[in-house]
Amino acid sequence: MPHRTHLTPPVHLGYPLPDPPPAQGCAACEALAAYRAEARGAGDLAAVSDCNVGIRRHPHEDHLGDRPHPHEDHLGDRPHPHGER
């Protein structure tokens, strides 16, 4: 491997994604959104990011859009882990 005598080019990061909205009427999503607001007020951006991931991954059709539910392909005849779909 040749010896480098120059710096590597800088890494360019995109803008952060906007906060996902909680699904209407979902207590779990609403709790995550409330905790996200508290965390943001306290300056805990790691917790804000964790809440955003939790809301995005929560299994609601509103969050999934046209994508199939992540468990649909391998559930077979077993019941859905979050109730009927």
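Residue 52 in this note's numbering sits at position 52 of the sequence shown; the count goes up by one each step and never skips. Even glycine gets a Cβ: it sits at the ideal position worked out from N, Cα and C.
Assigned exposure category for residue i - 16 Cβ within 10 Å defines buried
i   : result
A33 : buried
P22 : buried
R57 : exposed
V11 : exposed
V53 : exposed
CA nearest to the CA of residue i, picked from the options
i   : options               : result
D19 : C29, T5 and H3        : C29
S49 : P16, C26, G25 and A31 : P16
Bounding residues of the alpha helix (DSSP H) (the contiguous stretch that carries residue i)
i   : result
G54 : L45 to R57
T35 : It is worth fixing the name first, because residue 35 is Tyr in this sequence and not Thr. It spans A27 to A42 - the alpha helix (DSSP H) in which Y35 sits, taken as one unbroken run.
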